[in-house]
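Please read the structure below before turning to the comments.
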Amino acid sequence: MAANVSPQPLAVGEQNPNSNEVTPNINNFVTYAASLNQKQSATSLTKTSLKPFEIVHGVPTIQFSMDEREEFAKEEGLHQAVMIKLSSDAPNLQILRSILPKIFGIKGNCLFGSLAPRQILIRCDQHEDYVACLARAVNYFQHNGREHQYRVFPWSVGYNPNQETSKVAIWISLPNLSPELFARKPLLSIAAAIGKPIAIDKATQVRSRPSTARVKVIIDLLDKLPEKIRLQYLDVKTGKIVEDYQEIIYDNLPSYCGHCKHQGHEENQCRRLKGKAVQATRVCDENEHQIVEKLQGDARDFLNA
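Position one of the sequence shown corresponds to residue 1 (the UniProt record's numbering), numbered consecutively onward.
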């Protein structure tokens, strides 16, 4: 699939206006690249600086910092990766590779792979494709006359296939933000205090809605999300600082259950937790009944003695 030329965007997530310009797909030149890589592979392995290991309680142990893992993620093309969680009756991976790019409107090259049963890892080489995938959140697609549900999550270091991530991409609104702060640097700086900014909505980019700025950010639902941000304006000449508070509105913020590790509900609504509570109540009732029967038996034995 040919990738469109993607020059430096005017704003995060802005689509490339030069849609007629096309860059040749690197896969067309794979023969030369492959032959070059084969010659250099042995040399690269010998020059790679390896992490030292030590034996701890009889087990070889290697330590990686989170910064290192983030660098490894970039090296592996995972800095713009998303997870697709599918319903149990979803088509196989080969079919999904032809369906999903059309559903998401992917313009560049994306690598699809199965990370776990019903979980597809997608690595995007263009930022706008990454944003487009995350915009889907929860949706459906048709195949062979059947409807299949899918859910989209941002991939992050430490992703556990057995749990739903607490990370989510949502829009935040900044009502009554001073118009000069719609500029790229201050706007993304404000958004970065909430989460990782990945896109600015079109109305904010073209300045057609000066009453509110909107930015899409990746946040962690387990974090305490602020309702406002303190902005300080410094007069360098006088040293005077004026403070203002900026309200933050979270659009469609999902709940997260810390018990079953799923998005969409809180712990007090968790069916698994309620099921355990019912089971525990039954066990307590059975134990209490057994204790009462034992005490009654002991009393009869005492009276008959």
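By construction, the Cβ of each residue, glycine as well, lies at the ideal position given by its N, Cα and C atoms.
Predicted, not measured: the structure shown is a model, and the values here were computed from it.
- Shortest Cα-Cα distance from N144 to any of F104, I95, I172 involves I95.
- Taking the CA atoms as reference points, R207 sits about 15 angstroms from L188.
- DSSP places H148 in the strand class (E or B) of the three-state scheme.
- Bounds of any alpha helix (DSSP H) do not take in F141; it lies within the beta strand (DSSP E) bounded by 138-143.
- With contact defined as three or more Cβ pairs closer than 8 angstroms, the stretch 178-197 and the stretch 113-130 are not in contact.
- Here DSSP, grouped into helix, strand and coil, assigns R209 to coil.
- DSSP places F104 in the uninterrupted alpha helix (DSSP H) bounded by 93-104.
- Within the same chain, C257, H259, C260 come within 6 angstroms of C270 by CB-CB distance, once the 5 residues on both sides are set aside.
- For T204, the CB contacts under 7 angstroms within the same chain, skipping 5 residues up- and downstream, are F182, A213, R214 in chain order.
- Separation of the CB atoms of S166 and L221 is rounded to 5 angstroms, and the pair is thereby assigned contact status at 8 angstroms.
- Contact between the stretch 65-72 and the stretch 113-126 is not established, with fewer than three Cβ pairs separated by less than 8 angstroms.
- The beta carbons of I172 and A199 sit no closer together than 8 angstroms.
- Within the stretch 171-228, the runs of beta strand (DSSP E) that reach at least 3 residues and sit entirely inside it are, in chain order, 196-200, 212-220.
- Separation of S87 and C110 (C-alpha to C-alpha, rounded to the nearest whole angstrom) is 22 angstroms.
- The criterion of a C-beta distance shorter than 8 angstroms is satisfied by I218 and A169.
- Looking at the backbone, the Cα of Q149 and that of F141 are separated by about 7 angstroms.
- Ranking Q246, L231, G264, L100 by CA distance to the CA of S211 puts Q246 first.
- In the three-state reduction of the DSSP assignment, K74 falls in the helix class, which pools H, G and I.
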